[in-house]
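The structure appears right after this line, and notes come after that.
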Amino acid sequence: MRYTIATIPGDGIGPDVVSEAVRVLRVMAKISGFGVQFTEVLMGGAAIDATGSPLPESTIEACRAADAVLLGAVGGPRWDGLPGNLRPEAGLLGLRAAMGAYANLRPARIFPELTAACPLKPEIVGEGLDLLIVRELTGGIYFGERGTSPNGEAAWDTERYTRAEIERLLEIAYRAARTRKKKLCVVDKANVLESSRLWRRTAQEFAKRYSEVETSFMYVDNCAMQLIRNPRQFDVVATSNMFGDILSDEASMITGSIGMLPSASIGSAGPGIFEPIHGSAPDLAGKDQANPLAAILSAAMLLSYGLKREAEAAAIELAVSSVLAAGYRCADIATGAPGETVLGTRAMGEMVARAIEEDMHEKPQPSASTRR
Ligand code: NAD
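Following numbering that gives the first Met the number 0, the numbering of the sequence shown begins with 0 at its first residue and continues without gaps.
See below:
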């Protein structure tokens, strides 16, 4: 089996962290015996500088031809003054649209070794947290009809969903739930919104079809509270574009570490886009200080959701766990506790790659040159 992966390092720390994710994928490919070819393409500020466009046609073509897309991050103060359609972020939205990526999957996971980084009380997070938010990405109020009255005294945005849009999102959410703890919570505002009532009716049909998955329903305001009060009750949360936007940021905050969180944007037509949730962190760019684990865990999502290589994805997650258990940290997740060793971007990538290669249960050692 041979795969082509389009890589978009992007701007700021994007290139720093994507290099480490590529390192890990190469090691995994070697061990597992599959072929992988990386095609590096431009997007965001780097593409604006080189071509004048945040998303050159050649990038779209290369991504469409690939089995999966691995993205770092785009943007930075250098390009902030450009008009909206020429800013780096326009590249990101254009890429999602071009790949038909209608579902955004964001795990919010606290590794047991990092519970100290969580802002919630230890008795609430227990031994860790692992939930997945599946957000509809290309419909709803962000794309609905909008307007402003002639006198500027009224404005409106429209939440509109079709059954087909809801069904394709739920299909992905149920399939994800089936591979996890088999619990799915559909979050809506069905006590007020017609569009939510359509979500609920559609999900009730799915609940019968996926009877092995325990389906529940929750209003979005309650969900926002429950994520703080008892986040461990959730396994998979499926919801609309705007609700998912808000809830996934809330869920990522309770993990306490932006440098640890991956994401996947997938559809059924084009290849999926796999990227850390963090931005380009211009303050850390090129300094070997960014945490590459979110990008490495995005590579794990690429393997499971993009290439259907679940065993290899699990091996990467296990390697990350074992590196954390051995006390290795990047600066953003270090607490100064005894037994911690702080590593830079490259050393952390090397450590995960080595943990994959070696026996997972042996404590990997950093080389003298990479220890900080
Ligand atoms: P950011 O995520 O880049 O940074 C927020 C804070 O987290 C900073 O203090 C940063 O140093 C830190 N941080 C982020 N990633 C880290 C990592 N891997 N390791 C250690 N620390 C890390 O968000 P921001 O500062 O709001 O945005 C910076 C730029 O990134 C902006 O131009 C923004 O538009 C862009 N952005 C891009 C994406 C994307 O490409 N998907 C997402 C968000 C923001």
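No residue lacks a Cβ here, since even glycine has one placed at the ideal position from N, Cα and C.
Using DSSP with H/G/I as helix, E/B as strand and the rest coil, what is residue i?
i, result
"Val351", "helix"
"Glu19", "helix"
"Leu41", "coil"
"Met372", "Residue 372 is absent from the model: the chain starts at 0 and stops at 371."
"Ala330", "helix"
"Ile12", "coil"
"Asn103", "strand"
"Thr3", "strand"
"Gln288", "coil"
"Asp234", "coil"
"Ile227", "helix"
"Gly302", "Sequence inspection shows Leu at residue 302; the Gly mentioned does not correspond to that position. Residue state, collapsed to three classes: helix."
"Val124", "helix"
"Phe205", "helix"
"Pro149", "coil"
"Ala67", "strand"
"Gly138", "coil"
"Val186", "strand"
Is residue i near ligand 1, in the sense that its beta carbon is under 7 angstroms from a heavy atom of that ligand?
i, result
"Val73", "yes"
"Asp287", "no"
"Ile257", "yes"
"Leu136", "no"
"Asp331", "yes"
"Leu85", "no"
"Asp282", "yes"
"Ala9", "According to the sequence shown, residue 9 is Gly rather than Ala. At least one heavy atom of ligand 1 is nearer than 7 angstroms to the Cβ of Gly9, so yes."
"Asn103", "no"
"Met278", "Just to set this straight, residue 278 is Gly in the shown sequence, not Met. Yes, the beta carbon of Gly278 sits closer than 7 angstroms to at least one heavy atom of ligand 1."
"Leu342", "no"
"Ile109", "no"
"Glu249", "no"
"Leu91", "yes"
Tell me which same chain residues have a C-beta within less than 8 angstroms of the C-beta of residue i, skipping the five on either side of it?
i, result
"Ile315", "Val23, Met27, Ile295, Leu296, Ala298, Ala299, Leu302, Val351 and Ile355"
"Glu309", "Thr178, Leu302 and Ser303"
"Thr201", "Arg162, Ile165, Glu166 and Leu169"
"Ala115", "Thr334 and Ala336"
"Leu119", "Ile227, Pro230 and Ile253"
"Arg199", "Val185, Asp187, Ala189 and Phe216"
What does a CB cutoff of less than 7 angstroms around residue i pick up in its chain, not counting 5 residues either side in sequence?
i, result
"Glu361", "In this prediction, Glu361 has a pLDDT of 46, which is less than 50 and means its spatial position is unreliable; nothing more can be read from the coordinates."
"Phe242", "Val186 and Val219"
"Ala223", "Leu246 and Glu249"
"Ser368", "Low per-residue confidence applies at Ser368: pLDDT is 43, beneath 50, and the placement is therefore not dependable, though the value from the model is reported in the following sentence. Around Ser368: no qualifying Cβ."
"Gly326", "Gly338, Glu339 and Thr340"
"Tyr173", "Leu183, Phe205, Tyr209 and Val212"
Leaving out the 5 sequence neighbours to the left and right, which residues in its chain are closer than 6 angstroms to residue i when beta-carbon positions are compared?
i, result
"Arg328", "Glu339 and Val341"
"Arg196", "Ala189"
"Lys180", "Asp234"
"Thr157", "Gly143 and Glu144"
"Tyr141", "Asn240"
"Ser194", "Glu158 and Tyr160"
"Val236", "Ile132, Cys184 and Val186"
"Lys182", "Glu213 and Asp234"
Would a C-beta distance cut-off of 8 angstroms place residue i and residue j closer than the cut-off?
i, j, result
"Ser31", "Glu311", "yes"
"Gly266", "Ala64", "no"
"Ala100", "Ile272", "yes"
"Leu168", "Glu211", "no"
"Leu306", "Tyr2", "yes"
"Phe37", "Ile12", "no"
"Leu104", "Ser262", "yes"
"Gly258", "Met98", "no"
"Gly43", "Met0", "no"
"Ser251", "Ala107", "yes"
At least three beta-carbon pairs within less than 8 angstroms, the segment 47-58 to the segment 78-95 = yes
### Query
At a cut of 8 angstroms, does the segment 275-292 reach the segment 10-17 through at least three beta carbon pairs?
yes
Is the segment 97-116 touching the segment 318-337, taking contact as three or more C-beta pairs under 8 angstroms? Yes: at least three Cβ pairs fall under 8 angstroms.
Worksheet item: Are the segment 120-135 and the segment 282-296 touching, with three or more C-beta to C-beta distances below 8 angstroms?
Response: no
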